[in-house]
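Here the structure comes first, spelled out in structure tokens, and everything after it is commentary.
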Amino acid sequence: MLKIILRHASLLILTLFVLSFFSFSLAYLFPGDPLVNLTGIRGSSEQEYALLAEQYAMHSSFIVQYWQYVMHLFSGNWGLSFSSGLPLAEEISRSLAASVELSAYALIFSFLIGLPLGFLSGLRHHKFTDFTLLTASVIGYSIPVFWAALIAILIFSIQLGWFPLSGRISLLYDVPFETGFILIDILLSDLPDKEFAFQDALRHLVLPSVSIAIVTCTIVLRITRRSIVEVMSSEYIQAAYARGLSPRQVFLRHGVKNALIPILPLLVMQFTTLLTNAMIVETIFSWPGIGNGLIQAIYQRDFPAIRAGMLAVSALVLTFTITIDMVIQIFDPAGRRPENATS
Amino acid sequence: MPRLNLYQEEYYPSPIQNTWKEFKENHAALLSLYCVIFFIFLMIFGPFLAPYDPLQQNIDLLLVPPAWDNNGDISYLFGTDGLGRDMLSRIIYGCRMTFGISLVLVIISMLVGVALGAMAGMSKGLRSSVVNHLLDSIMAIPTLLIAIIIIAIVGTGLVNSMWAISLALIPQFIHQTRDIVRQKMKKEYVLAAQLDGAGKIHIFFNSILPNMAEMLVVQVTLALSVAILDISALGFLNLGAQAPSPELGALLSEGLTTAYVAPWNIALPGAAIFFMMMSINLVGDGLRSALRYRLLR
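Sequence lines, in order, name chains A and B. Counting from 1, one number per residue, gives the positions in the first sequence under my numbering. Counting from 1001, one number per residue, gives the positions in the second sequence under my numbering.
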């Protein structure tokens, strides 16, 4: 177990090192002064510039500069955004929390829908229910996520007026920033009309989370179905039937567990797909998340924001996947891959 | 019991014939194969089919509804957009552009990915281990995210987005090829070839590649639908194809400005992407299950 942890930790450190080094070199690759690209402070006086250059060790070698950059990253000094002039560390942590919140709800939603339907479809393998669900899943899987979001807006907010068009919460409510997750923030806050604010935030969440959950839902359905089909046709299930267990007992005692464990990592990994889809959908719903921020930064050629946003998103995704991989390997010995690449 | 031999000649279908027989049984997959062929046809002969020039603006005919609407005009089957350009021609050109670009990108990434994957799969030791672990962590990142990051660095534009997507697709091919090559390297026919003195390149092309071609086709269909989604998503976000060009994603984002009065301008290009992706996904699915079940019957 220690070996697994060590291996994953070293992999994580290696990839984070590569990422941070890459983001540092971006300051040189982007047009303009590297120091300005690193700090985001433009039009500073000569003295200020000299001071900044001192802080970032611009006159020393490349490696020392990188070291200073990493130190600045760890101390929370990520530079300023060109367009807003605000500290990036704060901006990005806010918007990242918004994106993660959106994708987390979408993930929960797609599990709630996808897993039971996957079970149903797997148990009725090659029957009418299965074909219907499979067809629905192909349709859901092929819908481009941005188109789904647009159609949802056209129908549910413009035609029917059930849900708000854009944003995270109505401007009437001023929710103080605590965790970054708006629903939790509302519950923690002491607003006079908490319930209304909560309902309003929920109504804002429905359309974006459902439109990104469609794709993941179908992926969850297909993975679960495949796994159930494979498990239910295996020999120990036949043996359980032979011992006289009812289909219900067989499924609950032997089927569910054995079908779910191997696919759990695959299912959790869908979070990264969700995050990417969330980044697109955010621009449609004006959700103040990282995707919206990064894409605006690309439009405005806001180099410090691109650098920091890219670093934050990729570091989050990689840390997430490596951690999940580690947890799975610790708890599920069967899922361990061969230790050496030579096998 | 020895098999009764009634006939002098026995017909054994080849694996590909088996696959095709199994694939034909799946009507949805067959239908979508025809759809894919239709899109390929559209890609090649699009300019001859499109009734108008996709960029030609007509100020007299702004936002004409589609022909099935009461106010529609049959000479503009899908209506016109906010600048009076014919939607049908734009969608035909858009399918051509999106599908064609995706096809080219997938083929490029396949060639690069298979070459690198074969090298990774046949090498051993520390280097291969490092490559594998890095690859596994890259694989976990969705291609679109990689593409957005690459575009953030190199700047927006159609050519840049093409680079970004083909770079982002390569790791999947490397991964897949590497796994298959590693499996096949343990087979006895490879050992036999090795004993005959075949070199690595010879083994790869003569022993391994024919056996992995089918999996490669499945992977190509997967990558193709991903590439279509990515390129249209980037076009939609204005990061890829820019405004006047009739790329399907760019068409969608242009339609946004008139979405309230002319919803067909976002419904139709999106539907085109949807049908394209659905037919490719169904072909891929059908192929995969045909490969899985072809020996069972």
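Built from N, CA and C at the ideal position, the CB exists for glycine as well. On a predicted model such as this, the values are computed, not experimentally measured, just so you know.
- Taking all protein chains in view, the Cβ of Gly140/A is crowded by 16 or more other Cβ atoms within 10 Å, so the residue is classified as buried.
- When DSSP reads this structure, Tyr1034/B sits in no beta bridge, so it has no partner.
- Tyr1076/B is bridged by DSSP to Asp1073/B.
- At a cut-off of 7 Å between C-beta atoms, Ser142/A counts as an interface residue with respect to chain B.
- DSSP, read as helix, strand or coil, puts Leu80/A in strand.
- Within the model, the alpha-carbon separation for Trp1020/B versus Val1220/B is close to 17 Å.
- Here Met269/A is buried, its C-beta having at least 16 other C-beta atoms within 10 Å.
- Counting only unbroken stretches of 4 or more residues, the alpha helix (DSSP H) elements lying wholly within the region 279–326 of chain A are 290–299, in sequence order.
- The beta carbon of Leu150/A sits closer than 8 Å to the beta carbons of Ile284 from its chain, once the five residues preceding and following it are set aside; these are given in chain order.
- Inclusion of Ser1225/B and Ile1280/B in the CB contact set at 7 Å is warranted, their separation being smaller than that value.
- Inclusion of Pro1051/B and Thr273/A in the CB contact set at 7 Å is not warranted, their separation being larger than that value.
- Under the three-state reduction of DSSP output, Pro87/A falls in the strand class.
- Contact between Thr1258/B and Asp1086/B fails: their C-beta atoms lie close to 15 Å from each other, not under 8 Å.
- Nearest neighbour of Ile1150/B by Cα position, chosen from Leu311/A, Met326/A, Phe320/A and Gly32/A, turns out to be Leu311/A.
- The Cβ atoms of Pro208/A and Val281/A lie closer than 7 Å to each other.
- With contact defined as three or more Cβ pairs closer than 8 Å, the region 241–253 of chain A and the region 294–301 of chain A are not in contact.
- Inter-residue distance for Met1/A and Ile330/A is about 6 Å (C-alpha atoms, whole angstroms).
- About 4 Å separates the beta carbon of Gly79/A from that of Gly40/A, a gap short enough to meet the 8 Å contact definition.
- Annotation: Asn37/A to Pro262/A spans about 45 Å, alpha carbon to alpha carbon.
- For Gly1094/B, no Cβ of chain A is located within less than 7 Å of the residue's own Cβ.
- Checking the DSSP bridge columns, you'll see Asp1086/B partnered with Thr1080/B.
- Put simply, the region 155–172 of chain A does not touch the region 64–83 of chain A. Fewer than three CB pairs are less than 8 Å apart.
- Contact annotation, Ile237/A with Val250/A: C-beta distance approximately 6 Å; criterion of less than 8 Å satisfied.
- Short of 8 Å from the beta carbon of Gly114/A, and not among the five residues preceding or following it, lie these beta carbons of its own chain, in chain order: Thr216, Cys217, Thr218, Ile219, Val220, Leu221 and Thr224.
- Non-local beta-carbon contacts of Val229/A in its own chain, meaning distances under 8 Å to residues more than five positions away in sequence, involve Gly122 and His125 in chain order.
- Separation of Trp67/A and Ala57/A (C-alpha to C-alpha, rounded to the nearest whole angstrom) is 9 Å.
- Not one beta carbon of chain B lies nearer than 7 Å to the beta carbon of Phe303/A.
- Collapsing the DSSP output to three states places Gln47/A in a helix.
- For the pair Leu1030/B and Lys1024/B, the CB atoms are nearer than the 7 Å cut-off.
- Below the 7 Å Cβ cutoff, chain B contributes no neighbours of Phe251/A, its closest Cβ being approximately 23 Å away.
- In this structure the region 162–175 of chain A lies against the region 185–203 of chain A, because at least three pairs of beta carbons, one per stretch, are closer than 8 Å.
- Chain-ordered, the chain B residues with CB closer than 7 Å to the CB of Thr276/A read Pro1142, Leu1144 and Leu1145.
- Think of a sphere of 8 Å around the beta carbon of Asn1281/B: the chain A residues whose beta carbon falls inside it are Val138, Tyr141 and Ser142, in chain order.
- Residues of the region 1231–1242 of chain B whose Cβ lies closer than 7 Å to any Cβ of chain A, in chain order: Ser1232, Ala1233, Phe1236, Leu1237 and Leu1239.
- The criterion of a C-beta distance shorter than 7 Å is not satisfied by Ser286/A and Ser103/A.
- Between the region 1087–1106 of chain B and the region 1034–1051 of chain B there are three or more inter-stretch CB-CB distances shorter than 8 Å, so the stretches are counted as touching.
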